[in-house]
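What follows is a short report on a single structure.
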Amino acid sequence: MFADVPEAPKDPILGLNELFREDPSPLKVNLGVGAYRTDANRPYVLGVVKRIEQELASNPNTLHEYLPIEGLSDFRTLAAQLVFGENSGALREQRVVTLQSLSGTGSLRLVAEFLGKFYHRGAICYLPRPTWGNHWNIFPRAGIECREYRYYKDKTHDVDIAGLLEDLAAAPPRSIVLLHACAHNPTGADPTPSQWQQILDVVRERQHFPLFDCAYQGFASGSFERDAMAIRLFERATLPAPETNSASGRPLEMAVTQSFAKNMGLYGERVGAAHIVCAVPSVTKPVLSQMKQIARALYSSPPAHGATVAARILKDPLLFAEWETEVQVMSSRILRMRRELFDALRENGTPGTWDHILTQIGMFSFLGLSADQCLYLRDKYHIYMTTNGRISMAGLTSDKVQYLADAIKDAVTR
Ligand code: LMR
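In terms of the UniProt record's numbering, the sequence shown opens at residue 35 and continues consecutively.
So this is what it looks like as structure tokens:
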């Protein structure tokens, strides 16, 4: 029956974990998947998460019932407040539809399915070049054609703002535009606040539908507020009113997909949310009903455990403060790794400029290595990274910095 089924290629990111596990070398270093490790190269369960889990485990009233299709009510409210801010006009006016969903990917798929069904027929989704590879899996499967907009300049290791604005201005009106809310994956290069304003201007002008993928809130700057800046800027925006060109037009419709994998370390619990910001409150009921129908067919209802933990943290100011401190501990270890790698490359005389290692933010550094050089590092040094030259700084540890720097020097000078 299945004799003709061709074997699919390994996933370019998660497939690296498989290769890494199979590698018997004691030298091996896993800089592939974006998962935080301590400096002792151990996965990290946040202290605040551990405590809540212990409480839940010892509480006889903890049940394992199904959640509603749309997820845990408290979690939905609090997750929306985290991303949009407590003073959000859209939240106050009850224009936001929020479903708890399966972390970033599940939330993206849910929104993609919804847009594929209810956004205008033939709408194209514009993805940054480069972007997280899974974006290219998700949208076409929901029947949405994807194209690229220029995002990154290899030469300067920075956002190609002129190319980006030009491509979004040339895209058909009312296209879907995927934007990384902060800590762009894979490049670690984010627009400046004034560049975000320029992006918003072209989005408004062309009446595009912005979709923010928000997987690293807190990880870019250490501040939840700062990392949500772009989303909040767009959430406050209105479409130009046709006659007056004033700011009194309809609120901009948009979507946000939110993951708690990295910032709460709840990778395997699949904790996240999909938010659709509507122009008027009257449409939220039917939108929610359709999103629920899609979720029911995809996975029925979301998992309870991680969202219960997350909701406790988000609700209690003391736990929240503790969480924020732990996020800052993680993000500052990443910053330290950036500095150490940069210094080691300078000291060992690796040719090229490496300043971008310091200026890029978030979990990843986009080194600027060719696919060939990445494969060389894997074959000769057992260093695993995606072949676009991205390394997870969160997977680098102090004892491996020199080894990595010397291997990079060999790869770029051979
Ligand atoms: C990554 O980019 O490494 C992470 O977002 C994990 C994943 O699912 O790809």
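Just so it is clear, CB atoms sit at the ideal spot from N, CA and C, and this is done for glycine as well. Just so you know, these numbers come straight off a predicted model, no measurement behind them.
With a cut-off of 6 Å, the C-beta of Gly68 is classified as near the ligand LMR, since at least one heavy atom of the ligand falls inside that distance. Looking at the backbone, the Cα of Ala223 and that of Phe398 are separated by about 10 Å. Sixteen is the threshold: since fewer than 16 other Cβ atoms of the shown chains lie within 10 Å of the Cβ of Met35, the residue is exposed. Contact annotation: Pro285 and Gln128 have beta-carbon atoms that are not nearer than 7 Å.
DSSP, read as helix, strand or coil, puts Thr272 in strand. With fewer than 16 other Cβ atoms inside 10 Å of its own Cβ, Gly302 counts as exposed. When DSSP states are grouped into helix, strand and coil, Leu430 belongs to the coil group. Taking 6 Å as the cut-off, the C-beta of Asn219 counts as close to a heavy atom of the ligand LMR. Two segments are said to touch when three or more pairs of C-beta atoms, one from each, lie closer than 8 Å; by this definition the segment 283-297 touches the segment 246-263. Per the coordinates, the alpha-carbon of Leu50 lies some 7 Å from the alpha-carbon of Tyr418.
Ile233 has its CB no nearer than 6 Å to any heavy atom of the ligand LMR. In this chain, the alpha helix (DSSP H) harbouring Thr393 covers Asp389 to Thr393. Thr291 is bridged by DSSP to Asp247 and Ala308. Annotation note: the segment 71-120 contains the following uninterrupted alpha helix (DSSP H) runs of length 4 or greater, listed N- to C-terminal: 81-92 and 107-118. Pairing Leu353 with His191, the inter-Cα distance amounts to about 38 Å.
Around Leu53, the same chain offers Tyr418 as residues with beta carbons nearer than 7 Å, after the five sequence neighbours per side are excluded. Taking 6 Å as the cut-off, one finds at least one heavy atom of the ligand LMR near enough to the beta carbon of Ile47. Looking at the backbone, the Cα of Pro58 and that of Arg76 are separated by about 18 Å. In the displayed model, Lys414 falls within a helix according to three-state DSSP.
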